Amino acid sequence: MAPAGAKVIAHESKKERGTWGGKGVGGCFIGMAPNRYRSFQCFIPKAGKPRISSTAEFFPECCSAPRLEPTGHIGICL
1 MAPAGAKVIA HESKKERGTW GGKGVGGCFI GMAPNRYRSF QCFIPKAGKP
51 RISSTAEFFP ECCSAPRLEP TGHIGICL
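This is the structure in C-alpha cells:
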C-alpha cells in the first residue's frame, strides 16, 4: 500500500486499450476502491478522471518505509 498521491501505473484491461496499446497508464493513487475487493482508485491525467483498477504498480518516492534497528526485532518476537 502506498500513501495517497504516490505515482502509480494502473493496468488497463483489453476492453479499455487497443490491440497494440500499452498495458498500463500512469497516474496517481487516490485510495482503495469502495465496494470492490482488492481494487485501487487512481486518478489518470490522460483521462481526466479517477479510474478503478484491480492491478497497479506503485512508486512511492515521497517517503520510505520505517526501519528497525537490529535489536528492535527482538522486542517484536517476545
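Read left to right, the sequence shown gives residues 1 to 78 (the numbering used here). Yeah, the Cβ is synthetic: ideal placement off N, Cα and C, and Gly gets one too. Given the structure is predicted, the values throughout are model-derived calculations rather than measurements.
- For Pro-50, the enclosing beta strand (DSSP E) covers residues 49-53.
- For Glu-57, the uninterrupted beta strand (DSSP E) run begins and ends at 56-59, by DSSP.
- One Cα belongs to Gly-18, the other to Glu-69, and the distance between them is close to 49 Å.
- Exclusion of the five residues before and after Phe-43 leaves Gly-27, Cys-28, Ile-30, Pro-50 as the residues of its chain whose Cβ lies within less than 7 Å of its Cβ.
- Straight through space, the alpha carbons of His-11 and Gly-21 are spaced by roughly 12 Å.
- Looking from the CA of Ala-56, the closest CA among Lys-23, Gly-48, Pro-45, Pro-34 belongs to Lys-23.
- Rounded to the nearest angstrom, the gap between the Cα atoms of Ala-2 and Phe-58 is 7 Å.
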